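A.B. asks: Starting off with a structure, shown below.
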Amino acid sequence: MSETVLLVGGGGREHAIARAVVPDADLYACASNRNPGIAELAAETRIVDETDAEGIVAFADDVGATLAVVGPESALAAGVADALDDAGVYTFGPSAEAARIETDKAYQRRFMREHGIPGCPDFETFEDMDAACDYIDAYDGDLAVKPAGLTGGKGVRVTGDQVTKAEAKAYLRDADYDRVVLEERLIGEEFTVQAFVASEERRSSGRIRTTPAVQDHKRAYEGDEGPNTGGMGSYSDAGSTLPFMNPGDYDEAVEVLESTVDALPDYKGVLYGQFMLTADGVRVVEFNARFGDPEAMNTLPVLETPFCDVLTAARDGDPLPELDFDSQATVCKYAVPAGYPTDPEAGARIEVDEASVARAATDDGDALLFYASVDAREDGLYTTTSRAFAVVGLAETITDAEVIAEDALAAAGEGLRIRHDIGTPDLVQRRIDHVAQLRD
Ligand code: AMP
Ligand code: GLY
């Protein structure tokens, strides 16, 4: 039977999911914006807010969806996966309760401690901001200050890196958060490993399959300066590891994901681990309950196993298929509105030259365009407050993939900002040197 897949979300990550689904299924998509890349692939797109569980179930019903994939965490937190599952549409994405592994950072750290998940940093949680400030004063060392709830990746402040301890305390007093986590500052290089996960139900093996490591770049400006963003771009190598990692580092991350999944028998969807490779080994920065954005755009284009086979196996209680990946490196770079993330210029008309992306492909490499949080209106394409579009270069090496991504960026017209340093030999070498120095 051919599948009818409902996709929730309208960003770059969801454009990548849409591309992975369409070869093997009919696609229907809903989001609060009209993403032109997804619209071109889907039989129908409907404007429905990602958190409107009732509206999404009604759409699933209208189109006879046999499967659903939820992209954004806001939808998971709003119970969209629960509502679709209750309506009989198997959803690759966790329940709101299981998604707390992402949506409640205090729960996430306590969960790690209770279940003895490896890689948990030293932490404390606070509801009283005065007590949190006292803890900052008394703590011997730097701390990461994390609001417990969702902040689009932009709520964390790290002392000794982005802010002083005095600024961290002022931030806590001004921001008026209900709960915060204060945890040991981890020093090292970050990497992401995403896993496909099926619930334990009716399955004796093959619950979890992992994908190659990716490095995202959270800071807004080149040289890792400026405020944190949702992610300005990312790269992956031709194998599972990154140039600054040993195979053992990747295995340590996989062990963390496996022990997390063991402690969450009902979990299904993507489990995303954000790791810090430190002098003492691999530590967990956070978990997400969905694909990373941009990381989905590195991972799905090189996945050779049909993504729909993963979805149907997860639904049907079969072991998930072993995953095959094309051994190509990828470099993804986002074009974001001027002023992003602090003061993004929404509603600006932009041009994206699709032909220049196509021209960036070479004999040995490919170039892909992913639309993100843009709005396609009758008279053209407009920015929203978030990232506009991404290009991905694919080639045998990170260096070659980076050159292709830069060529493809000729697609970006005026008014957009890009981190040109992502995936360059200089930047990758700095990562390698950093880890070498930590391990010394
Ligand atoms: P999160 O929202 O938890 O992903 O945090 C955003 C960013 O803050 C991460 O990508 C890290 O760069 C940084 N961060 C979070 N926790 C820590 C930590 N314990 N030590 C150092 N940096 C951190
Ligand atoms: N790349 C970071 C995130 O998706 O949260």
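FYI, in the numbering used here the residues of the sequence shown are -2 to 437. Backbone N, C-alpha and C define an ideal beta-carbon position, used for all residues, glycine too. None of the values given here were measured: they were computed from a predicted structure.
(1) Buried or exposed, going by whether 16 or more other CB atoms sit within 10 Å of the CB of Gln105?
(2) From Thr380 to Val371, what does the alpha carbon distance come to, in whole angstroms?
(3) Please state whether the Cβ-Cβ distance between Asn225 and Lys166 is less than 8 Å.
(4) Looking at the secondary structure, which residues open and close the beta strand (DSSP E) in which Cys441 lies?
(5) Under the three-state reduction of DSSP, which class applies to Cys329: helix, strand or coil?
(6) Just curious, the alpha helix (DSSP H) that Tyr132 is in, first and last residue?
(7) Should Asp234 be labelled buried (16 or more other beta-carbon atoms within 10 Å of its own) or exposed?
(8) Taking Cβ positions, are Glu301 and Asp323 nearer each other than 8 Å?
(9) Using the three-state DSSP reduction, which class does Phe108 fall into: helix, strand or coil?
(10) Let's see if you can read the secondary structure: which residues bound the alpha helix (DSSP H) around Ala17?
(11) For Ala392, which of helix, strand or coil comes out of DSSP?
(12) What residue range is occupied by the uninterrupted beta strand (DSSP E) comprising Glu121?
(13) What is the DSSP secondary structure of Asn285, counted as helix, strand or coil?
(14) Below 7 Å CB to CB, which residues in the same chain sit around Leu424 once its five sequence neighbours on both sides are set aside?
(15) Considering only the beta carbon of each residue, do Ser196 and Lys265 sit closer than 8 Å?
(16) Between which two residues does the alpha helix (DSSP H) holding Met294 run?
(17) Where do the ends of the alpha helix (DSSP H) carrying Ser71 lie?
(18) Which of the three DSSP states, helix, strand or coil, is assigned to Arg31?
(19) State the Cα-Cα distance for the pair Ala364 and Val328, rounded to the nearest angstrom.
(20) Is the number of C-beta pairs between the stretch 265 to 281 and the stretch 37 to 52 that are closer than 8 Å three or more?
(21) Under 8 Å, do Ala343 and Thr382 count as touching if we go by C-beta distance?
(22) In chain order, what residues of the same chain have a beta carbon less than 6 Å from the beta carbon of Leu3, not counting five sequence neighbours either side?
(23) So what's Val86 in DSSP terms, helix, strand or just coil?
(24) Give me the residue from Asp131, Val194 and Thr148 with the minimum Cα distance to Ala163.
(25) Of all the beta strand (DSSP E) runs that stay within the bounds of the stretch 336 to 371, which reach a length of 3 or more residues?
(26) Suppose the cutoff is 7 Å on Cβ atoms and the five residues either side in sequence are ignored; what does the same chain contact list for Val54 look like?
(27) Which value, in whole angstroms, describes the spacing of the CA atoms of Leu391 and Ser237?
(28) Comparing the CB of Glu411 with every heavy atom of ligand 1, is any distance shorter than 7 Å?
(29) Between Gly289 and Asp213, which are expected to be in contact by the criterion C-beta below 8 Å, what is the C-beta distance as a whole number of angstroms?
(30) Taking only heavy atoms of ligand 3 into account, decide whether any of them is closer than 7 Å to the Cβ of Gly9.
(31) So does the stretch 20 to 36 actually touch the stretch 351 to 362, counting three or more Cβ pairs closer than 8 Å?
(32) Going by DSSP in three states, Ala433 sits in which element: helix, strand or coil?
(33) Taking the alpha helix (DSSP H) that Ala249 falls in, what are its first and last residues?
(34) Rounded to the nearest angstrom, what separates Lys330 and Thr42 at their Cα positions?
(35) From this set, Glu37, Phe89, Ile14 and Arg31, which residue's C-alpha is nearest Asp313's C-alpha?
(36) Look up Leu424 in the DSSP assignment and say whether it is helix, strand or coil.
C.D. replies: On the basis of the data shown:
(1) That one is buried.
(2) Thr380 and Val371: Cα-Cα distance of roughly 5 Å.
(3) Against a cut-off of 8 Å, the Cβ pair of Lys166 and Asn225 comes out as no contact.
(4) This structure cannot settle anything about residue 441, because the visible part of the chain is limited to -2 through 437.
(5) The three-state reading of DSSP puts Cys329 in strand, counting E and B together.
(6) If you look at Tyr132, you'll find it in the alpha helix (DSSP H) that goes Met126 to Ala135.
(7) Buried, by the Cβ-count rule.
(8) Asp323 sits close to Glu301, with the two beta carbons spaced by under 8 Å.
(9) Judged by DSSP in its simplified three-state form, Phe108 adopts helix.
(10) Residues Gly9 to Val18.
(11) Three-state result, Ala392: strand.
(12) Glu121 -> beta strand (DSSP E) spans Phe120 to Phe123.
(13) In this structure, Asn285 counts as strand in the three-state DSSP scheme.
(14) If we look at Leu424 and ignore the five residues flanking it on each side, its Cβ neighbours are Asp418.
(15) Yes, they are a contact pair.
(16) For Met294, the enclosing alpha helix (DSSP H) covers residues Glu292 to Thr296.
(17) Start and end: Glu70 to Ala74.
(18) It is coil, neither helix nor strand.
(19) Here the alpha carbons of Val328 and Ala364 stand approximately 10 Å from one another.
(20) Flag = no, the stretch 265 to 281 and the stretch 37 to 52 do not touch.
(21) Yes, the pair counts as a contact, with Cβ atoms nearer than the cut-off.
(22) In chain order, Tyr25, Ala57, Ala62 and Ala65 place their CB closer than 6 Å to the CB of Leu3, counting only its own chain and leaving out the 5 sequence neighbours on each side.
(23) Coil.
(24) Ranked by Cα distance from Ala163, the first of Asp131, Val194 and Thr148 is Asp131.
(25) If we require 3 residues or more, the beta strand (DSSP E) runs fully inside the stretch 336 to 371 come out as 363 to 368.
(26) Contacts found: Ala80, Leu81 and Ala84.
(27) Near 15 Å, if we compare the C-alpha coordinates of Ser237 and Leu391.
(28) In this structure, ligand 1 has no non-hydrogen atom nearer than 7 Å to the beta-carbon of Glu411.
(29) Confirmed, about 7 Å.
(30) Ligand 3 is absent from the structure shown, which contains only ligand 1 and ligand 2.
(31) No, they do not touch.
(32) Looking at Ala433 - three-state DSSP - the assignment turns out to be helix.
(33) For the record, residue 249 in the displayed sequence is Glu; it is not Ala. Boundaries of the alpha helix (DSSP H) harbouring Glu249: Pro244 to Asp259, taken from the DSSP string.
(34) Approximately 26 Å, taken between the alpha carbons.
(35) When each option's Cα is compared against that of Asp313, the closest is Phe89.
(36) Helix.
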